[in-house]
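Peer 1:
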Amino acid sequence: MSEEKPTRRAKGATLDDIDLRIIEVLQRDGRAQSTVIGEELGLTGNLVANRIRAMDAAGLMRVVALADFRVHGYRLLARIRLQVSGRAPLEVAHELAQREHVLSVHLTSGRYPVSCLYAFHAAREMIEAARDVSAGIAGVEDVDVELLNTVYRYNTAVGPIAA
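Here it is as structure tokens:
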């Protein structure tokens, strides 16, 4: 095993093949110890630990827990899109992001500049949320609700970490 001296990474640095292999192992088991990852990849545990710290410090990756929404009693997912008038879509998005059952909020193009993914325990909650969004957030002119009947794939391996 060749030991590589850890180097500091600048924000916005790119991932190399070793980094990608480490991330692949962490995606399977986010609690894997550096020594175990090192054994699997033919690296030392210290090198793996240093690389994980460097990637985290540079904002290239973060290890987070992800719970299945069904474990928390949610049975429905819906996309709610908002048409906004007289108020900046960004302001509406920030207000929407504070809501309890909102999983993600997006600024988009087109007729509905704000979109969100919402989780619900029951259909009644979905109806109430749509009413609440249209009446409870200033500047919302129209609301479009799409129930996600079947999710075939929801890839959480790569995605935005924070806005």
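Under my numbering, the letters of the sequence shown match residues 1399 to 1561, in that order.
Note that beta-carbon positions come from the ideal geometry of N, C-alpha and C, so glycine has one too.
What first and last residue would you give for the beta strand (DSSP E) that runs through Ala-1476?
Peer 2: As a first step, residue 1476 is located in the sequence shown; it is residue number 78 there, counting from the start. Per DSSP, Ala-1476 belongs to the beta strand (DSSP E) from 1474 to 1482.
Peer 1: Work out the CA separation of Val-1469 and Glu-1493 for me, nearest whole Å.
Peer 2: Taking the first residue of the sequence shown as 1, we reach residue 1493 at position 95. Taking the first residue of the sequence shown as 1, we reach residue 1469 at position 71. Cα-Cα distance, rounded: 26 Å.
Peer 1: Taking His-1504 as part of the beta strand (DSSP E), name the residues at either end of that continuous run.
Peer 2: Here residue 1504 refers to the residue found at position 106 of the sequence shown. It spans 1500 to 1505 - the beta strand (DSSP E) in which His-1504 sits, taken as one unbroken run.
Peer 1: To the nearest angstrom, how far is the alpha carbon of Asp-1466 from that of Tyr-1552?
Peer 2: For the purposes of this step, residue 1466 is taken as residue 68 along the sequence shown, with counting starting at 1. For the purposes of this step, residue 1552 is taken as residue 154 along the sequence shown, with counting starting at 1. Cα-Cα distance, rounded: 11 Å.
Peer 1: For Phe-1518, which residues in the same chain have their Cβ closer than 8 Å to its Cβ, ignoring the five residues on either side in sequence?
Peer 2: Taking the sequence shown and counting its residues from 1, one reaches residue 1518 at position 120. Correct list, in chain order: Tyr-1472, Arg-1473, Leu-1474, Leu-1475, Ala-1476, His-1499, Met-1524, Ala-1527.
Peer 1: Does the region 1451 to 1466 come into contact with the region 1414 to 1432, if we say contact requires no fewer than three beta-carbon pairs (one atom in each stretch) closer than 8 Å?
Peer 2: Flag = yes, the region 1451 to 1466 and the region 1414 to 1432 touch.
Peer 1: Just verifying my parser: in three-state terms, what is the DSSP assignment at Ala-1520?
Peer 2: On the sequence shown, residue 1520 is found 122 positions in, with the first residue counted as 1. Residue state, collapsed to three classes: coil.
Peer 1: With C-beta atoms as the reference, is Gln-1481 less than 8 Å away from Asp-1414?
Peer 2: In the sequence shown, residue 1481 corresponds to position 83, counting from 1. In the sequence shown, residue 1414 corresponds to position 16, counting from 1. No; because the gap between Cβ atoms is not below 8 Å, this pair is not in contact.
Peer 1: Check whether the Cβ of Val-1482 lies closer than 8 Å to any Cβ atom in chain B.
Peer 2: Of the chains in the structure shown, none is chain B; there is only one protein chain.
Peer 1: Does Leu-1545 come out as helix, strand or coil in the three-state DSSP assignment?
Peer 2: By 1-based counting over the sequence shown, the position of residue 1545 is 147. Reduced to three states, the DSSP call for Leu-1545 is strand.
Peer 1: For Val-1461, which three-state DSSP category applies?
Peer 2: The residue you call residue 1461 lines up with position 63 of the sequence shown. Of the three classes helix, strand and coil, the one that applies to Val-1461 here is coil, per DSSP.
Peer 1: Pick from Gln-1431, Glu-1438, Ala-1533: whose alpha carbon is nearest that of Ile-1416?
Peer 2: As a first step, residue 1416 must be located in the sequence shown, where it is residue number 18. Closest option to Ile-1416, Cα to Cα, is Glu-1438.
Peer 1: Which value, in whole angstroms, describes the spacing of the CA atoms of Leu-1488 and Asn-1448?
Peer 2: As a first step, residue 1488 must be located in the sequence shown, where it is residue number 90. As a first step, residue 1448 must be located in the sequence shown, where it is residue number 50. Taking the straight line joining both Cα atoms gives about 38 Å.
Peer 1: Let me know the secondary structure DSSP gives Asp-1530 once reduced to three states.
Peer 2: Reading the sequence shown from its first residue, position 132 is the one you call residue 1530. Asp-1530: helix per DSSP, three-state reduction.
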